[in-house]
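Residue numbers (this note's numbering): 631 to 852. Where a beta carbon is used, it is the ideal one built from N, C-alpha and C, also for glycine. Just so we're clear, the structure is a prediction, and the values are computed from it rather than from any experiment. A short worksheet on the structure shown next.
See below:
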């Protein structure tokens, strides 16, 4: 191959590598490490937390969040199943579901995605005997979010806990403002920022699902 062709090939590969790096970086939250940015990030996390607490469907709340912040078009949340990662139902959640050891329990681990953004990871233990055959088939064979599959049950949600896993402002920041002075770098945001534990109840008042939903830094990736 002639030297000029090697140069062209190298340039082309470099451009492809740069494009791939840009694509990866585009999904990462980019916030400056300033007191204002930290305050804004905290306000957004608290707003999302309040939205989740005030609605029964986390999926629909995330779709609204995704659309309002122009993160994808259309703003549609899909549940990408993570298979082969079964987890036993925690004893405290079995107690909350009021079931004995013989009650069948199925586990579904999904990543809730809107466009290229994985907004949350959900561990879901549900009782197949309290769902319809069509619902169980759809949960086994599709990536439709759980909340949309069971919508005909007219379910309601009971939150057991809601925890911020990361606070952009350190404890006591108002007394030690020097710790939040602007820096020249980017704000370091951990992968998981918020976690909810909840139960879902059918219209007849019986619980049928226990959830642990862990929200990622991608909820701030806009």
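DSSP lists no bridge partner for residue 731. Nearest to residue 789 by alpha-carbon distance, out of 845, 825, 710, is 825.
Rounded to the nearest whole angstrom, the C-alpha separation of residue 660 and residue 706 is 23 Å. Burial check for residue 847: the Cβ neighbour count within 10 Å reaches 16 or more, so the residue is buried. With contact defined as three or more Cβ pairs closer than 8 Å, the region 695 to 709 and the region 774 to 786 are in contact. Judged by DSSP in its simplified three-state form, residue 673 adopts helix.
In the displayed model, residue 739 falls within a strand according to three-state DSSP. Under the 10 Å beta carbon count, residue 687 is surrounded by 16 or more other beta carbons and is classified as buried. Just measuring C-alpha positions, the residue of 799, 761, 739, 778 sitting nearest residue 668 is 799.
In summary, residue 753 is buried, with 16 or more beta-carbon neighbours lying within 10 Å of its beta-carbon over all protein chains present. In this structure, the straight-line span from the alpha carbon of residue 852 to that of residue 676 is close to 16 Å.
Contact check for residue 729 and residue 769: beta-carbon distance about 18 Å, past the 8 Å limit, so the pair fails to qualify. A check of alpha carbon separations from residue 829 across 849, 842, 697, 778 identifies 842 as the nearest. DSSP, read as helix, strand or coil, puts residue 836 in coil. Boundaries of the alpha helix (DSSP H) harbouring residue 771: 763 to 771, taken from the DSSP string.
Per DSSP, reduced to three states, the secondary structure at residue 803 is coil, with no helix or strand assignment.
For residue 660, the three-state secondary structure derived from DSSP is coil.
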